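Protein sequences appear in the order of chains A and B.
Position one of the first sequence corresponds to residue -6 (our numbering), numbered consecutively onward.
Position one of the second sequence corresponds to residue 3 (our numbering), numbered consecutively onward.
Backbone N, C-alpha and C fix where the C-beta goes; we use that ideal spot for every residue, glycine too.
Computed from a predicted model, the values in this text were never measured in an experiment.
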Amino acid sequence: MSAIRLTLDGKPVELEASPNTSLLRAMRDAGHTRAQGACEQGECGSCMVMVDGVPQNSCLVPAAICANASVVTVATLLQPDLADAFARHGAVQCGFCTPGFVVAAEAALADEGHLTYDTVRERLAGNICRCTGYHGIIEAVLEVSQRRRGTSP
Amino acid sequence: MTTVATTRSFAQGIRPDVPPKISGEFEYSNDVRIPGMLFGATKRSPHAHARLLSIDVTRALAMSGVHRVFTHEDIQRGRVLGHIIHDQPVFVQDVARHEGEPVAFVVADSQERAWEALEAIEVTWQPLTPVTTIDDALANEPVHPQGRLIRELVIERGKPAEADVVVTGTWETGRQDQLFLAPESAVAYPIADGGVTLILATQDLHTDQGQLCNVLDLPPEKVHLINSGIGGAFGGREDITLQAHLAIAALALGRPVKTTYRRSESFLAHPKRHPAFMRYRLGAKHDGTLVSLDVSIDLDGGPYASTSGPVLGSACYFAAGPYRIPRVRVHGRAVRTNNPVCGAMRGFGAVQACFGIESTMDLLAEKLAIDPVELRRRNVLVEGDEFPTSGQRFTDQTDLRDLIDRCMALPIKSTSTAIDLDTPGGTGHTLMGAEIVRAEGFALGVKNHLYGEGVPETSWAKLTREGDTIIVESSASECGQGIQGVLDRIVRNEFPECDVCFAVPSTWMQYSGSSSASRQSWMSGSAVLGAAQRLKTMKSDDGAAVSAEFEYRAPATHRGDPTNGTGDIHVSWMFVAHRANVEVDPQLGLVRVASIATAQDVGRIINATEVRGQILGGIAQGVGFAINEHLDTPDGLATNNSLTDYLVPTVADMPTVEIDIVEQPDPRNPLGIKGVGEPSAVSSTAAIANAIRRASGRSIARVPVRPSDIALDD
C-alpha cells in the first residue's frame, strides 16, 4: 500500500492504495462515499467522477495513476438547476445511480452547446438506472440544457 | 416522451428522500462505517449439487489479519432460514444444492483481506449430478429432504364445455434478476445484553428479525434491525442473504462486522424470477366468446422454498387473465431443482402467467380472424362477473373495456430511424433500414395487490406532533419506490400547517409488513391516515408532544377451497393495458422496442410524478425481460452473472412511452388507493412478445426472445 495524494472536490486528500486498487475503492475506503459501486467493471456508471476534467468510471481507474490529479464528484459538479430538475421530473427513485448520472449530465451540459433528445441519450448511455425508466432523467437534462442557453423548454 | 393527465388532490412537494440522493449525501447500507469494524466475505459452493466432505480453514486462519472462519458448526443443528417454509441452511452442512450456496464466512481486518482469505479455505466436495429440469426433478430423487414439490395447486371451476375452436400453446419464460443497483451490504454489531443490531437494506424488517431469532436462538428483544438507505429491491431483498452470517460473526467476535457483496455473487445470492413452463389450451365459440381454458404451469423454484408457494398461487390465479371464462382448470407446481433459488420479483408469478394467456389469446385471434384487441374487449370481466380462476366476484373495479379503449386511443410512434441508436442492434446495426419489419402487439395485465390467500395483513404507524412538526414512525421499507413520499403527502394533507419528518425504520417500531405486493401505499397509507385522524382529536397542553398510533387491518381474504382452489382469494386487483411497437431485423434477429402506450388503473393518484415513475420503471424491466434478461445456468452454473453479460436496458434501449392513468378509487380502503408498482411489469413483456410474433411470423414461445428465435426457422 502506498499513499496517493490528489485533490478531491478541491481539497487535498491522501488515499491508501495498492497498485491494483481502483480509485473508487480508494475513495470509499477513506470514507468518501459520493461515488457508488454497482458493478465494478465499468458497465453501470454509478461510480462516475471527473478526473482532470474527463468523466471516468472510477472503478476502472487505478488510484495509483491519479497522483496529483484533480478528482471531482457530484459534490462539486451538481448545479442547483439540475438538482431541481431531477427532483421535479422524477429522475430519482432509489438514487444509487444518481450521483453518476449527475456527473455524466453535467459533463454533457458543459461539453455540448445544445443537447437534444438523441444526444442526451448518447451521452447518458453509459449509466444504468434500474428504477426510473430514464425518461425523467432525459427530461431533466434537456430542460436544463435549454434554460442554460436561455431558451424556454 | 411521456404524457400524463393528472388530478391535483393531495399535498404537493418533492419526496423527502430525493434531495440527499441527488447530492450524493444519502447513506446507503454500504456507506455505513462503524469504528473498529471488521469485514467478512462468503465462501460459496462452486457446484450446483455436491456433497460437502470437509472444510479446512487452517491456511486461512494462519493469514495475518484473519480473525475467524464461520461454518455450519457455528449453527445449532436444525436451525434454518426461510420466511414461509423453514428449509434453507445458513451454511451448507451436508449437501450444497445450488451454485453460490454459502459454505463459510471469513472475517478479516479489511474487505480485500477477507476476499483473499476465501482462496485459503479448502473445501472438499463430492460433485453430484445436478437436477436442472422440471422433468429430471420429478423423475429423480428429491434434491431436498422436504420433497420434490414446494407447492402444488389445482384450480377447477365450471363444467367442461364444448368449444367450436381450440388453440394450444406451450410457453416458457427466463430467469430474471431484480438487479437492484446497490449490491447487498450490511453491518452487524454486538450490544451489551448479549444481543445484536444490524444496519441493513431489507424489504421487510420484522420477517428478517424472525428468521434471525430462529437461527441465533435469541428472543426478539435481543435482535434489532435498522434500515439504512436501500438501493432498489424489486423483490430481491425479501430473503435472508448476509444477515445471519454477520450477526453470528458480530456476536462471536464482539466487534462490528460488515460485508458488501460483489455483483457476481449478488447474482447468486438472492432469489430470482421463476422460469415458468406453461401449456395452454383455450377454447372459444366462432364469435370469439371464450368457453374453456386448461393450463399447466411448472415453476423452477431452485432448491429452497423462498416465496415459491405464493408465487405459484399468483401464477395460477392469474393464468386466465381478466377474462370471463365459464370453465377453467389450472394445475400448478413449484418444483425443487439445483438451479438458482427463485422467489419474489415485481409481478410475482403474474408476469409469467400474463405471457401465457396473452400469447394464447393472440393465437386464438389469429385462428378466428378477429382483431386481437377486439377479442379481448369481447371477453373482459364486467361488473358482477366471477373471476375466471377463483370465482371471486368482480365488483367495484375499473371498467376494463374503457381501459383497453384508453390505451388504444393513445398516440404511438410506429417508426423511428432518426439515429443509429434507434435501429435494432443500435449503433452496431448492419441493415440499411429497408429490411426492418414493424408490428404492434397488445396485452392486458392483472394482479392482486396485498398478500391474499388468507394471509392476515396489518400495518402499524405512529405520529407524534411536536409544535409544528409531525414525526412519522412506520417500519415500511423505503426501497426507492417512494413510500415515504406517499406517507409524507398523506400526513401533510391532514396537517397542512406542519412539517413532516420520518424516524429511521427499525424493529423497535411495530410491524408494517413487507414493501412488496404493491401493498405499502394501501396498507401503511391507511395506517398513517388512521393515526393522523386520531392525532387531530388530541389536544396538546403547553405545546407538549402528543402521539397517536393506529394499526390498519386489511379486508380478510381466504385460502382457496382445498378441493377446487376457488374462493375469495384476493382483496382487490390492479389492471393494466400495454401496446408495444417493435422493429425487428429478421436476418440478425435483433429487436428494438420503439414505443409503448399504456393505460393503468391506479385507484387514486397521490403523487403523479411518482406514479409515472413506477409505470416507466416497470416498463423498462418489462423491456429487459422481453428481449434480454435471463440468467443462463447450463448444468446449474451461471454463465452471465455480471453486468457485462447480463444486459439490462440503458437509456438507449428505452422506448418512447405514452401513459394514460385511469383513476377509479378502490372503495376497500379509506383513501381509494391501489398499488402501482407491479402492473407496469406484468403485461409490458407480453405486449412486446406479441408484437415480435406478428413482426417476425415466428412462434415466439419463450421470453426473453433470442435472436435465434427470430432469425432461424422454428
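Asked, Found
"Test item: CB-CB of residue 105/B and residue 73/B under 8 Å", "yes"
"Cutoff 8 Å: residue 136/A Cβ touching any chain B Cβ", "no"
"Within-8 Å CB hit, residue 98/A to chain B", "no"
"Within 8 Å, strictly: CB atoms of residue 207/B and residue 508/B", "yes"
"CB contact below 8 Å: residue -3/A versus chain B", "no"
"Chain A contact residues for residue 612/B, given Cβ-Cβ distances below 7 Å", "83"
"Buried/exposed call for residue 137/A, threshold 16 Cβ in 10 Å", "buried"
"C-beta atoms of residue 360/B and residue 688/B nearer than 8 Å", "yes"
"Three-state class that DSSP yields for residue 627/B in the structure shown", "helix"
"Beta-carbon proximity of residue 385/B to residue 400/B, cut-off 8 Å", "no"
"Residues that residue 516/B contacts on chain A, provided the C-beta gap is smaller than 7 Å", "Within chain A, no residue comes near residue 516/B; the closest Cβ sits about 17 Å away, beyond 7 Å."
"Within 8 Å, strictly: CB atoms of residue 514/B and residue 670/B", "no"
"Cut-off 7 Å between Cβ atoms - residues of its own chain near residue 205/B, not counting five sequence neighbours on either side", "235, 239, 240, 479, 481, 516, 517 and 518"
"Extent of the continuous alpha helix (DSSP H) to which residue 2/B belongs", "An answer regarding residue 2/B cannot be provided, because it is not within the stretch 3 to 716 covered by chain B."
"Alpha carbon of residue 325/B to alpha carbon of residue 352/B, nearest angstrom", "14 Å"
"Within chain A, the residues that residue 729/B reaches when beta carbons sit closer than 8 Å", "Because chain B in this structure spans residues 3 to 716, residue 729/B falls outside the shown range and cannot be described."
"Backbone CA spacing between residue 2/B and residue 19/B [nearest angstrom]", "Limits of chain B in this structure are 3 at one end and 716 at the other, which puts residue 2/B out of reach."
"Local conformation of residue 32/B per DSSP, three classes", "helix"
"Opening and closing residue of the alpha helix (DSSP H) in which residue 334/B lies", "Looking at the DSSP string, residue 334/B is not in any alpha helix (DSSP H); the run it does join, the beta strand (DSSP E), is 329 to 337."
"Same chain only: Cβ atoms within 6 Å of residue 209/B, ignoring 5 sequence neighbours per side", "85"
"For residue 41/A and residue 408/B, the rounded distance between their alpha carbons", "41 Å"
"Close Cβ partners of residue 2/B (< 6 Å) along its chain, the five nearest in sequence each way excluded", "What the structure shows of chain B is the stretch from 3 to 716, and residue 2/B is not part of that stretch, so it cannot be assessed."
"Min CB distance residue 503/B to chain A below 8 Å", "no"
"Which of helix, strand or coil DSSP assigns to residue 704/B", "strand"
"Same chain only: Cβ atoms within 7 Å of residue 706/B, ignoring 5 sequence neighbours per side", "176, 627, 628, 629, 630, 631 and 632"
"Residue of 60/B, 159/B, 95/B and 131/B minimising C-alpha distance to residue 567/B", "159/B"
"8 Å Cβ shell around residue 714/B - same chain, five flanking residues per side excluded", "591"
"Buried or exposed by the 16-neighbour rule on C-beta atoms within 10 Å, applied to residue 137/B", "exposed"
"Cβ of residue 30/B within 8 Å of any chain A Cβ", "yes"
"Nonlocal neighbours in the same chain, by C-beta distance under 8 Å from residue 162/B, ignoring five residues either side", "294 and 329"
"Min CB distance residue 90/A to chain B below 8 Å", "yes"
"Spatial distance of residue 79/B from residue 135/B (CA atoms)", "30 Å"
"Beta-carbon proximity of residue 140/A to residue 45/A, cut-off 8 Å", "no"
"Cutoff 8 Å: residue 347/B Cβ touching any chain A Cβ", "no"
"Residue 122/B vs residue 46/B beta-carbon contact at 8 Å", "no"
"Candidates 203/B, 156/B, 673/B and 657/B, of which the one nearest residue 33/B by Cα", "203/B"
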